[in-house]
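In this note's numbering, the protein residues as written are 396 to 611.
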Ligand code: ATP
């Protein structure tokens, strides 16, 4: 590992911290709705069931300092967390495979609130190509390379049938996609430097069934 890579690794926020930060954000938003102006680590701890010391450690990665006795300014906490998590940056994405799952993601306006704008989708089914869902146009897969030239898109969402998951991933990467959000249960391979986030519902089911069996 060279010097640059070592520094990069050291600056990386641990994944468990990154997964907890959105919980603090949701909690802070709820408190703002309730009219709170300040929140302490102890209060967040009670609401999220995470140790106050862990919360303080997690928040040390973001540029915010609490005030003695009163805690963090709620508005500032929300702003800083949204910024840090990239929720304010407006990442653009393309989606491949407008089946039931892909269609549902196109219909979910919540993604936009978390900084992800799906600007277009691709499919090969003639009944779907040329239509829109939630205002998002569905194009033929063949026109992907051309559309990449028109939009500054670096995220690809993968909701195609499992048999073509790798082929479509290769196509996305060759076209310039830098991060793949993979909803298929297939372990896609990508070149070094391309980000993959696996979110297979079925994989999570396996964990839940296993824990449920252990609890019964
Ligand atoms: P459907 O609504 O067609 O019944 P489904 O929910 O059963 O779909 P899948 O069979 O997993 O889901 O297919 C997901 C989508 O992927 C479908 O809309 C299909 O047309 C689309 N698809 C298949 N091949 C490609 C491809 N090469 N590029 C993009 N999309 C594709």
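A virtual CB, placed ideally from N, CA and C, is assigned to each residue, including glycine. All values derive from a computational prediction rather than experimental measurement.
Could you pull out every residue in the same chain whose Cβ sits closer than 6 Å to the Cβ of residue 396, ignoring the five residues on either side in sequence?
Numbered from its first residue, the chain shown carries residue 396 at position 1. Summary for residue 396: the model assigns pLDDT 41, below 50, so the residue's position carries little reliability, and this model does not support an answer.
Cα-Cα separation between residue 467 and residue 598, rounded to whole angstroms
Taking the chain shown and counting its residues from 1, the one referred to as residue 467 is at position 72. Taking the chain shown and counting its residues from 1, the one referred to as residue 598 is at position 203. Those two C-alpha atoms are separated by around 37 Å.
Give me the DSSP bridge partner(s) of residue 527.
Looking up residue 527 in the chain shown gives position 132. Partner(s): 532.
Close-in-space but distant-in-sequence residues of the same chain around residue 401 (CB under 7 Å, 5 per side omitted):
Counting from one through the chain shown, the residue named residue 401 turns up at place 6. Because the pLDDT at residue 401 is just 40, under 50, the model does not fix this residue reliably, and the value given afterwards should be weighed accordingly. Nothing listed; no residue qualifies.
How about residue 572: is its Cβ closer than 7 Å to a heavy atom in ligand 1?
What you label residue 572 is simply residue 177 of the chain shown in a count that begins at 1. Residue 572: no, Cβ never under 7 Å from ligand 1.
Roughly how far, in whole angstroms, is the beta-carbon of residue 354 from the beta-carbon of residue 572, given that I think they are within contact range, below 8 Å?
With the chain covering only 396 through 611, there is no way to say anything about residue 354.
Identified DSSP bridge partners for residue 511:
The sequence position of residue 511 within the chain shown is 116, counting from 1. Residue 511 pairs with 486.
C-beta atoms of residue 576 and residue 596 nearer than 8 Å
For the purposes of this step, residue 576 is taken as residue 181 along the chain shown, with counting starting at 1. For the purposes of this step, residue 596 is taken as residue 201 along the chain shown, with counting starting at 1. Contact flag unset, no.
Using only the alpha-carbon positions, how far apart do residue 457 and residue 471 sit?
Residue 457 sits at position 62 when you count from the first residue of the chain shown. Residue 471 sits at position 76 when you count from the first residue of the chain shown. Computed Cα separation, rounded: 11 Å.
Are residue 493 and residue 522 touching if we call contact CB-CB under 8 Å?
As a working note, residue 493 is residue 98 in the chain shown. As a working note, residue 522 is residue 127 in the chain shown. Against a cut-off of 8 Å, the Cβ pair of residue 522 and residue 493 comes out as no contact.
Which one or two residues does DSSP pair with residue 518 in a beta bridge?
Position 123 of the chain shown, counted from the start, is the residue given in the question as residue 518. DSSP lists 535 as the beta-bridge partner residues of residue 518.
With distances taken from CA atoms, which of 419, 496, 605 is nearest residue 451?
Position 56 of the chain shown, counted from the start, is the residue given in the question as residue 451. Nearest of 419, 496, 605 to residue 451, Cα basis: 419.
For the beta strand (DSSP E) containing residue 611, list its first residue and its last residue.
Locating residue 611 in the chain shown gives position 216, counting from the first residue. Residue 611 -> no beta strand (DSSP E), and no H or E assigned at all.
What does DSSP give as the partner residue(s) for residue 491 in the beta ladder?
Here residue 491 corresponds to residue number 96 of the chain shown, with the count starting at 1. Its beta-bridge partners are 517, 553.
Based on Cα-Cα distance, which residue from 543, 504, 557 lies nearest to residue 531?
Counting from one through the chain shown, the residue named residue 531 turns up at place 136. Ranking 543, 504, 557 by Cα distance to residue 531 puts 504 first.
Within 10 Å of its beta-carbon, does residue 604 have 16 or more other beta-carbons around it, so buried, or fewer, so exposed?
Mapped onto the chain shown, residue 604 falls at position 209. The residue is exposed, with fewer than 16 neighbouring Cβ atoms inside 10 Å.
When DSSP labels each residue in this structure, what does residue 544 get in the three-state scheme?
As a position in the chain shown, residue 544 is number 149, starting the count at 1. In the structure shown, residue 544 sits in a helix (DSSP, three-state: H, G or I).
Does the Cβ of residue 554 lie closer than 7 Å to at least one heavy atom of ligand 1?
Numbered from its first residue, the chain shown carries residue 554 at position 159. Yes, Cβ of residue 554 sits closer than 7 Å to a heavy atom of ligand 1.
Does DSSP put residue 407 in a helix, a strand or coil?
Your numbering for residue 407 matches position 12 in the chain shown. Correct three-state label for residue 407: coil.
Measuring only from the beta carbon, is residue 518 closer than 7 Å to any heavy atom that is part of ligand 1?
In the chain shown, the residue the question calls residue 518 occupies position 123. Yes, ligand 1 has a heavy atom inside 7 Å of this Cβ.
State the Cα-Cα distance for the pair residue 570 and residue 460, rounded to the nearest angstrom.
Here residue 570 is taken as the residue at index 175 of the chain shown, counted from 1. Here residue 460 is taken as the residue at index 65 of the chain shown, counted from 1. Approximately 42 Å, taken between the alpha carbons.
In chain order, what residues of the same chain have a beta carbon less than 6 Å from the beta carbon of residue 447, not counting five sequence neighbours either side?
Locating residue 447 in the chain shown gives position 52, counting from the first residue. Closer than 6 Å at the Cβ level, and outside the excluded window around residue 447, lie 436, 437, 440.
List the endpoints of the continuous beta strand (DSSP E) containing residue 585.
Here the question's residue 585 lines up with position 190 in the chain shown. Here residue 585 belongs to no beta strand (DSSP E), and DSSP marks it neither H nor E.
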